[in-house]
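Visitor:
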Amino acid sequence: MPLDQKSRIINFYNSSYLKIKPKERIILGIDPGTSITGYGVIKTVGTVPELIAIGSIDLSKFGDHYLKLKHIFDRTIGIIDEFHPDELAIEAPFYGKNVQSMLKLGRAQGAAIAAALTRSLPIFEYAPRKIKMSITGQGAASKEQVAAMLMNILKFSLAEIKLDATDGLAAALCHFYQTNNPVQEKAYNSWKDFMSKNPKRVK
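Residues in the sequence shown are numbered consecutively from 2, following the working numbering.
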């Protein structure tokens with residue numbers, strides 16, 4: 002093969018046209034509730050997550066449970082149409098002793114899931130303990146600890162943001178961690194142990 006032809010081939014393979022760009026994803030996270038449903042939207046490029054939106058759906062003005070479900074459905078559709086997420090990460094209901102509360106939470110989750118299915122979004126469900134473990138390294142972490150870690154990672158201030166909103170955001174970030182680095186989950190002995198093993202999360 003002539004030398005000039007070899008050079009052209011090498012230059013072609015080294016050209017920017019063949020460089021693989023990091024995949025961009027938008028993830029919607031939802032923490033379903035019957036009084037407040039929290040949500041967060043993040044954009045991820047490669048290994049870097051970025052906050053796009055965080056907020057809550059206030060359901061306190063609706064006395065009828067079924068109207069609350071309709072509002073969750075309608076607002077979830079609106080959020081999806083505004084931010085065009087690629088995936089939905091949703092917190093699973095916490096299994097407690099109050100059957101009626103569990104039933105209502107399950108319906109709230111179902112309303113959000115139905116909205117996502119209407120827009121053909123893939124859905125991923127995570128247990129509350131799994132989300133807390135993914136964000137803080139402690140499955141029994143408080144809402145305040147989760148919120149503090151999220152502010153550290155995504156560089157935002159709580160101000161008047163409700164903790165239900167940060168729980169929704171936590172679901173989105175948990176999904177990002179689980180799908181972006183699907184290796185065996187690390188075990189942590191303490192908060193100090195978590196920080197030492199995850200320095201990039203606690204800068």
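Just so you know, even glycine gets a beta-carbon here, dropped at the ideal spot from N, CA and C.
Could you tell me whether the Cβ atoms of P123 and I28 are closer together than 8 Å?
Guide: Not in contact: P123 and I28 (Cβ atoms no closer than 8 Å).
Visitor: Within the same chain, show all residues whose beta-carbon is closer than 8 Å to that of K105, passing over the 5 residues directly before and after it, in chain order.
Guide: T35, H66
Visitor: I need the straight-line Cα distance from S135 to S61, nearest angstrom please.
Guide: 30 Å
Visitor: Between I78 and A166, what straight-line distance do the alpha-carbon atoms span, to the nearest angstrom?
Guide: 17 Å
Visitor: Using DSSP with H/G/I as helix, E/B as strand and the rest coil, what is G111?
Guide: helix
Visitor: Can you give the beta carbon distance from I73 to A113, rounded, assuming they're within the 8 Å contact cut?
Guide: 6 Å
Visitor: State the DSSP-derived secondary structure class of T48, mapped to helix, strand or coil.
Guide: Coil at T48, not helix or strand.
Visitor: If I measure Cβ to Cβ from K144 and keep anything under 8 Å in the same chain, skipping five residues before and after, which residues do I get?
Guide: Around K144: L164, T167, D168.
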